[in-house]
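Numbering (my numbering), first residue to last: 3 to 286.
Here the structure is laid out as structure tokens; the discussion comes afterwards.
Given below as structure tokens:
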């Protein structure tokens, strides 16, 4: 007699495998697969899930398949990103963009990278030695004008509203150092201060809410084109953090430090001395 073994195909439909008994009781050593009640053959094939033409590739996942009604590979569908014209940098998150209709970096808002280190130069501060070379006393402001309302502070556009200052370099146009090395104090604000005194007078200004602190810098190196000094630490702390409420500019005022060794006399009574300050700024 024949023994039946039932298994299932990929769709879960039953398939019968039978070892049949031939005429005269002889056992067959061939396993026959049945589809329905008949042995599988070219005239009675196993059923498959796809009974019609394979659909075009556009109807299949991934847009890749066979062409409808044939065994040819269907057309691969490729989707391209549309052309995009970015607005000016001011309208893009992070102030990064290109000019409208172009591919240049936006000029209104240049790219600023977090952690970038810059060393911008201040506007030059020219003192005209208005009193004919009169020495500056400790704490006197060194300014471009003896009139308080005409005093112009140092200013630096640091390009970003937050960061910290690691050190400050001060240069002077004089080419020789005095016998007593002068120590200057640079006061800093995040908004422009209002001065109540002018050049060669006791320093007086308002702006307490935006005041950052001060740095003492000693001119101690002379070159053929000027003198220089570097302040490695602010007067309080190891570095000076800042957050500018509006804009990206820091302001400064120059005085003869109250802790200086003595008064400061400009090198020439009739030739202006020019001071420029360079803060080393780390941006956030």
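The beta-carbon is built from N, C-alpha and C at its ideal position, and this holds for glycine as well.
Secondary structure of residue 219 (DSSP, three-state): strand.
If you look at residue 157, you'll find it in the beta strand (DSSP E) that goes 156-159. Straight-line spacing of the CA atoms in residue 147 and residue 203 works out to 11 Å.
In its chain, beyond the 5 residues on either side, 169, 170, 217, 218 and 219 have a beta carbon closer than 7 Å to the beta carbon of residue 233. Contact between residue 250 and residue 159 holds: CB atoms are separated by about 6 Å, below the 8 Å threshold.
Judged by pairs of C-beta atoms under 8 Å, the segment 190-205 touches the segment 149-158, as three or more such pairs exist.
Here the alpha carbon of residue 208 sits roughly 30 Å from the alpha carbon of residue 176. For residue 281, the enclosing beta strand (DSSP E) starts and ends at 275-285. Contact check for residue 184 against residue 263 passes: the beta carbons are separated by less than 9 Å. Within 10 angstroms of the beta-carbon of residue 145 lie 16 or more other beta-carbons, which makes it buried. For the set 255, 230, 256 and 241, the Cα lying nearest the Cα of residue 174 is the one of 230. In this model, residue 241 and residue 200 are separated by some 29 Å (Cα to Cα). For residue 153, there is no enclosing beta strand (DSSP E), since its DSSP letter is neither H nor E. The shortest CA-to-CA distance from residue 266 to any of 186, 284, 281 and 248 is the one to 186. Assigned with DSSP and collapsed to three states, residue 240 falls in coil, not helix or strand. Straight-line spacing of the CA atoms in residue 252 and residue 243 works out to 12 Å. Inclusion of residue 247 and residue 122 in the CB contact set at 9 Å is not warranted, their separation being larger than that value. For residue 208, the three-state secondary structure derived from DSSP is strand.
Take residue 141, set aside five residues on each side of it, and the residues of its chain with a beta-carbon closer than 7 Å to its own are 204, 205, 257, 258 and 260, in chain order. The Cβ neighbour count for residue 47, taken over all protein chains shown within 10 Å, is under 16; the residue is labelled exposed. Under DSSP, residue 142 shares a beta bridge with 204. In the three-state reduction of the DSSP assignment, residue 269 falls in the coil class, being assigned neither a helical nor a strand state. Per DSSP, the beta-bridge partners of residue 213 are 191. Looking at the DSSP output, residue 254 sits in a beta bridge with 156 and 190.
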